[in-house]
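Quick note: the sequence shown uses this note's numbering, first residue 1160, plus one each step.
Where is the CB? At the ideal position from N, CA and C, for every residue including glycine.
None of the values given here were measured: they were computed from a predicted structure.
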Amino acid sequence: MKIDIIGAGALGLLFGGKLAASGVPVRFWTRTPEQAAKLNKEGIRVTEADGSTTVVGRQRLEAFPVGKSGREGETAEWMLLTIKQWHIDAGLLSFLSQMAETETKVVCFQNGIGHLELIGKALPGVPLYTAITTEGAKRMDECSVKRAGQGTTQIGANGDGANLESNAESFVKILEKAGFTALLSKDIGREIYRKLLINAVINPLTAIWRLNNGQLLENDERVRLLRQLCDEGLRIYEAYGIPYDDDMFDQIAAVCRSTASNVSSMLKDVQQGMPTEIDHINGKLVEMARRKGIPVPGHEMVWRLVRAL
Ligand code: PAF
């Protein structure tokens, strides 16, 4: 079995590094040829939250730059897409369509929504899975990553069929063997929308105010805005019949507390001068709200503020 990791940012290095350390042959596909060359020379260093470090020697992995050349050697059984939403463009989709065979199982790690439709269209007949993870990681350099703590990763099939579910279950076991806490989700659609709302409330406010997740709860003014974004989001879900939990706001506050010292992915992108995922998070909610004529002034505003950043 081979696993392709498309994107060697923090999550790609974390998942790919630990999978390779557990004995799975891993092949990385990087954005730059320089990173691929470095990984092939130095391997990967994964530092856990307690400071213990695993070095994955270069003989346990291969790395190539994402390019037009397509497949290198054997087709992978699993392909993990650990790229950001904004990397998913026509070039990347054409690369993926050269790489994936119908027996390849593709796991999408993206925040937000919209990507599954694009990938599904580009890879007809290829089974798609979603990973919703609370793993946090910081890329220290092109070959090193530091894990923020022990998160949980839910895996679910995007579609029906006994085969899809048993495959998702076998991927959960692969992740567990590599040292992740993983579980099978039988309703990944619901999880996607739960995570979408968590990201739509936390991420733009941390990016605009330059705060860690925990600081969002530090005063009433901030909490009022968190609540507004949450309530507007739930009105959209209500209008579309998207199921949600009654304690959604408490769940969002709990994420702020459990990831208190985290720099959210959106704030990280802003600090690094990279594009953000705002269009696929708040932008998608605004799109849905406009279609139904639901006013969502909070989401309209944070969407525009973060785009302007
Ligand atoms: O995008 C992120 O940073 C994370 O999904 C979350 C849950 C907001 C924690 O930082």
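Spanning the alpha carbons of I1162 and N1378 requires a straight line of approximately 45 Å. Per the coordinates, the alpha-carbon of E1301 lies some 44 Å from the alpha-carbon of A1398. Ranking S1423, E1201, R1449, G1202 by CA distance to the CA of L1375 puts S1423 first. Boundaries of the alpha helix (DSSP H) around K1332: 1321–1336.
The region 1458–1467 and the region 1359–1366 touch, with no fewer than 3 CB-CB distances between them shorter than 8 Å.
Annotation: M1258 to L1384 spans about 44 Å, alpha carbon to alpha carbon.
Under the three-state reduction of DSSP output, A1169 falls in the helix class. It is roughly 17 Å from the alpha-carbon of G1315 to the alpha-carbon of I1401. DSSP links P1224 through a beta bridge to T1189.
At a Cβ-Cβ threshold of 8 Å, A1179 and V1215 count as neighbours. By the Cβ test, the region 1230–1241 is in contact with the region 1250–1268, since at least three Cβ pairs between them sit closer than 8 Å. Counting along the chain, A1296 sits inside the beta strand (DSSP E) bounded by residues 1296–1300. From the listed residues P1184, E1262, S1420, the smallest Cα separation to L1282 is found for E1262. A distance criterion of 7 Å places the beta-carbon of T1340 beyond contact range of ligand 1, judged by its closest non-hydrogen atom.
Minimum Cα-Cα distance from V1205 among the listed residues K1427, T1191, L1170 corresponds to L1170. Looking at G1202, T1311, M1433, P1363, the one whose alpha-carbon comes closest to that of L1342 is T1311.
Given a length threshold of 4 residues, each whole run of the alpha helix (DSSP H) inside the region 1214–1298 is given here in chain order: 1249–1258, 1274–1281. Inter-residue distance for G1338 and I1453 is about 44 Å (C-alpha atoms, whole angstroms). Per the coordinates, the alpha-carbon of Q1244 lies some 9 Å from the alpha-carbon of I1272.
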